[in-house]
Amino acid sequence: MTRINITVPEDLLEEFKEYCDSQVRSVSSQIQFFMKQAVESNQKQKGNESS
Numbered sequence: 001m002t003r004i005n006i007t008v009p010e011d012l013l014e015e016f017k018e019y020c021d022s023q024v025r026s027v028s029s030q031i032q033f034f035m036k037q038a039v040e041s042n043q044k045q046k047g048n049e050s051s
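Next comes the structure, spelled out in C-alpha cells:
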C-alpha cells in the first residue's frame, strides 16, 4: 500500500466522512472504491475506442 496526502476543503471532507459512514466504509476504503471504478470505466472507454 502507498500513503498519499491530499488537500481538500474541510467542509467537503466532513460531508464525505458522513457519506462514508452511510456506506459503512472508511474514507480510505471509499476512495479506493471510487478509484477502482474510475480506472475500470477508463479501461472500458479505451476498449470501446479501439473497436
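Taking full-length UniProt numbering, the leading residue of the sequence shown gets 1, the next gets one more, and so forth. Note that beta-carbon positions come from the ideal geometry of N, C-alpha and C, so glycine has one too. Please read all numbers here as calculations on a predicted model, not as lab measurements.
Rounded C-alpha distance that separates residue i from residue j
i: residue 47; j: residue 5; result: 31 Å
i: residue 11; j: residue 38; result: 24 Å
i: residue 14; j: residue 45; result: 32 Å
Beta-carbon spacing of residue i, residue j below 8 Å
i: residue 20; j: residue 32; result: no
i: residue 27; j: residue 17; result: yes
Spatial neighbours of residue i in its chain, beta-carbon cut-off 7 Å, leaving aside the 5 residues before and after
i: residue 41; result: none
i: residue 23; result: 30
C-beta neighbour in chain C for residue i, strict 8 Å
i: residue 16; result: Looking at the structure shown, chain C is missing, and only one protein chain is on hand.
Residue i in three-state terms, based on DSSP
i: residue 31; result: helix
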